[in-house]
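Numbering (our numbering), first residue to last: 22 to 1233. Scroll down for the structure; my scribbles are underneath it.
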């Protein structure tokens, strides 16, 4: 890319004296419309006002059948093409002058280098061999650097009846008879193949069309190694070297990689010889067959679709079922087709062979004729599969009637068109007025990836884009006998769903009556050309807008091989930027160099003198001297291209003032550093999240909060970092809401400190705000997270303190008033309102001394208030007030000053101001009664202490002998069995039971005594519940020998099945999974039953072991005591996430509803258990132990059926 498309020895090279590219031409290639003319497929020629030819591109030379040198012969030689009327048959000098005026008249020269609206017409060209050629012309006036030119773009057209001078028409509606040269010209210019010519060094001299995105401009004057990857280039070069070495043509399929895609080419290469027969290069074509290869498998499936008829027969040949296509072939509805015999559907002579085909499962395609009820016949191909199901046979039919008829018609007409389409690479088809195709050539089939047999008989409109069908039909309707040929471009849809643009030249064929009998069309793919034209128009418009509005300086430098630099162009922006006029810069380019900062001048020169071609922008930045004599920063962006065969390098680019941007960058850098310093040293955790909730950034403060380095967060979500599912979901919902609404969100959550202490839980508050992209969409979310643990604790303490003070004011019996500095009441507690008989609202309108029983102490009360307000010192006084009952009550008041700094004393020494006076009063009217009450309380305390000492002494004194007796009995039980008989053992067991009951009674008495004297303490600890319960049940076995009770223990861990539960040890982390069995049960009866559930899973609770043991033993002891022998005692323990539920039930005598109200009173026993030994203290102990642990105990009982106690304790 960027090299001249001409050979150094061609007349179009810069050394040709009459070429517009020559040094004598006033226009250089990069500044004239000739720069890309040779890469265009249309025949372009430029004419002067006098009709003389100024320039013709390669396509024009090919169209006229001449080599480029013939157009520009000088030195007395013949000039076959010098005037416009030498080319156009129906044009002379006078008509050319008229046409020139026609083209020029509507134009107004308002801007330089401007083109104008085109004029189109049809004419006939005279080729070099004297043959006429029908063309369509688009002529346009160009005003270029002070001169008027006419540019004509010629395209081949199909001759019509008005072109009688071209010669007699042949059978072909496209060309003259035997006009093979014209066929080749049309095929070459319009072929979809990539056509190229390379010299002996395998440099591309010229090329036509494009392939796989490669255009003529991309390959011009380049070798294979400059275009393709080395291995691809070597593969192509090997093929072409073989042609150069052997002189024999080669046709071979190969592949290359272009833009990361593998492309398959059908490559044909021929040697090119001069007049002496010497090989001087190669000429070849390359056809892109990539899509044909990739779609080959899909084509087979398309032909085997649902259009085939399918019929199912039984063993007798009766039709059982058929698809709609088969019904259409037979001309019967499905209901009428079912039940018919094979012989009723085919001709009788064809029925038997058809049935044998079904029975044998012959998959060979055969033909037969169907007889339809309407008398018509259809030709079908069929194949069969026998016994595809038991007793069922499958037949597949394909209606080939239209195909057979079309093939017959095709055979009749193939001879007519074979000569035309034998080597045709364009798309050729014929179709009826209703659109039904009657002929398609191979190029048509290759393009649409189909076969002729599949298309003939179908409408061509199926390939036309839906929005273009109506326009195509209108175009065909416009063709008449007088104007039978028309051209149209429209979109088509390929089998791969790709939309392409095609150009079709349609000819209508008429019968003798003037009715259209058929259309013949020739088409080609013009997608690339249309897209290129659109891109070219858009680029021209863009360049025009840029040139008019771009800031800065546009320049063009020329750098010779020896390093000499010359200025070719510079825009007017130079004056504003450097204070140098463009004319002065052209005269002395050193002025521009001198304006560059001395330290940057060598950088500029080294940048400009690059010898490498690079069409990508190459930027540098340096300083220049501005008109205000200040050094300013500019950005110099350059694209380098070779010119004149590499003799020099053209540097095009733009110079922009970036001084403000440089200063802004420095300021931005400073702000970024400040921001980074602020963020990285902030105690808050600052993070950014993308739309997938992954971390884009997180500040270093995260490490102190989580123990994880900030780098581990990047690119990961909270869930991936190990956050608990509940907390991760909570964060996710908040972030997603910010993305959806763009509004800020504030969330609060608890998170465990990384110290490892499960109780060290911190409270955090996060504010999430949206970060918007330039298009207004939320592109990320910024969160600022702060540890508010201390704030929350302070708030809770403040609320607790306020509630505490309010509770005191609401419940205290003392009188409390809040006064201002003047003594007016601002607030009063309920006790004050109750004594005075007035509400707080009524009291707020009164003064402190308004409720005195007399004026006797008024002055002293006012003086005390004034003294407190003035000095801040506390004042004490006693006054008589009027009570609601009318009696006088003596109240002792204490007045205290409260300042604005909440200090209740010495407010003036601190520079504060008085805010309130707090008056606290106590009714001291009955001091004697108060003293008596205090004496009674003292005596009660002494009795309680005496009772406690007595119970402690009794417990201690009795425990020691009882323990001695119990130990002796156990020693005797374990002594030599020969000394003991059964009766003795029985008596020893009774002794042991009695002693344990006595010890248990002493424990109960001691527990009740400690509870009543507030000495019973709660010491929680971690208890493994399963072995604990088993041990208690085993200990209770001693109470069972006589009654033979069955104790069933069941432990249920419900919380383990709850996915929302989070263990207290790992807050913020994922809970460890446990097996699916979460319950255990066992039978403690002498003959235990099979365990109902697995007992291998233990769980810990945080309770007082001693108190929990007292609860279990007393409830089980009562159940054993009041249950009949052989009964079942159930003990159920349910462990939930926040509580433990204990149920102990029996099948005993039950408790009446009246007695249930007094169950927990000490020493109380029901009337129905008077005969059963007991102390009446067990349930009292249970109640005391449950209350101390913050739990509840409930009872359900029915007389004669049993009793169940339910104890609920907090788990932690």
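Backbone N, C-alpha and C fix where the C-beta goes; we use that ideal spot for every residue, glycine too.
Quick one: grab the DSSP three-state call for residue i.
i            : result
residue 143  : strand
residue 401  : strand
residue 681  : helix
residue 852  : helix
residue 1230 : strand
residue 800  : strand
residue 239  : helix
residue 1139 : helix
residue 957  : helix
residue 1161 : strand
residue 418  : strand
residue 84   : helix
residue 825  : helix
residue 76   : strand
residue 1016 : helix
residue 846  : strand
What does DSSP give as the partner residues of residue i in its beta bridges?
i            : result
residue 340  : 334
residue 915  : 897, 941
residue 542  : 450, 527
residue 1067 : 1149
residue 772  : 783
residue 516  : Note: residue 516 sits in no beta bridge, so no partner.
residue 1042 : 1124
residue 659  : 639, 674
residue 705  : Looking at the DSSP assignment, residue 705 forms no beta bridge with any residue, so it has no partner.
residue 920  : 935
residue 175  : 64, 158
residue 149  : None; residue 149 has no bridge partner.
Determine the burial state of residue i: buried for a count of at least 16 other Cβ atoms within 10 Å of its Cβ, exposed for fewer.
i            : result
residue 584  : exposed
residue 315  : exposed
residue 2    : Since the displayed the chain opens at 22 and closes at 1233, residue 2 lies outside it and no answer follows.
residue 1218 : buried
residue 173  : buried
residue 876  : exposed
residue 820  : exposed
residue 573  : buried
residue 963  : exposed
residue 599  : buried
residue 408  : exposed
residue 471  : buried
residue 1042 : exposed
residue 611  : exposed
Jot down the residue ranges of each uninterrupted alpha helix (DSSP H) in the stretch 572-655, minimum 4 residues, whole runs only, in chain order. The qualifying runs are 594-599, 603-608, 611-615, 619-629.
Counting pairs of beta carbons, one from the stretch 1187-1199 and one from the stretch 1147-1157, are three or more of them closer than 8 Å? Cβ pair count under 8 Å is below three, so no.
Sufficient close CB pairs (3 or more, under 8 Å) joining the stretch 830-839 to the stretch 935-944: Contact check between the stretch 830-839 and the stretch 935-944: three or more CB pairs, one atom from each, fall below 8 Å, which counts as touching.
Using a Cβ distance threshold of 8 Å, determine whether the stretch 887-894 contacts the stretch 854-865, with at least three qualifying pairs required. No contact exists between the stretch 887-894 and the stretch 854-865.
The stretch 539-559 in contact with the stretch 635-652 per 3-pair CB rule at 8 Å: At 8 Å Cβ cutoff, the stretches do not touch.
Using 8 Å as the Cβ pair cut-off and three pairs as the minimum, do the stretch 1032-1041 and the stretch 1207-1217 touch? Yes, the stretch 1032-1041 touches the stretch 1207-1217.
Could you check whether the stretch 680-699 touches the stretch 711-725, counting it as contact only if at least three pairs of C-beta atoms, one from each stretch, sit closer than 8 Å? By the Cβ criterion, the stretch 680-699 is not in contact with the stretch 711-725, since fewer than three pairs of Cβ atoms, one from each stretch, lie closer than 8 Å.
So within the stretch 1165-1232, which uninterrupted beta strand (DSSP E) runs reach at least 3 residues, ignoring any that extend past its ends? List check, beta strand (DSSP E) in window: 1213-1219, 1223-1231.
Does the contact criterion of 3 or more C-beta pairs under 8 Å hold for the stretch 772-787 versus the stretch 795-810? Here the stretch 772-787 makes contact with the stretch 795-810; the two share three or more CB pairs at distances below 8 Å.
Which complete beta strand (DSSP E) runs does the stretch 484-516 hold, if anything under 3 residues is left out? Qualifying beta strand (DSSP E) stretches, in chain order: 506-514.
Tell me, please, whether the stretch 790-801 touches the stretch 742-751 by the rule of three or more beta-carbon pairs shorter than 8 Å. As far as the Cβ criterion goes, the stretch 790-801 does not touch the stretch 742-751, which means the pair count is below three.
Just checking, does the stretch 495-509 make contact with the stretch 348-368 on the three C-beta pairs under 8 Å criterion? Contact between the stretch 495-509 and the stretch 348-368 is absent: fewer than 3 CB-CB pairs across the two stretches fall below 8 Å.
4 or more residues per run - each alpha helix (DSSP H) lying fully within the stretch 238-300: Within the stretch 238-300, the complete alpha helix (DSSP H) runs of at least 4 residues are 245-248, 251-267.
Any contact of the stretch 248-259 with the stretch 270-287, i.e. 3+ C-beta pairs under 8 Å? Cβ pair count under 8 Å is three or more, so yes.
State whether the stretch 1166-1182 contacts the stretch 1003-1022, with contact taken as three or more CB pairs (one from each stretch) at a distance under 8 Å. The stretch 1166-1182, when compared against the stretch 1003-1022, does not touch it at the 8 Å Cβ threshold.
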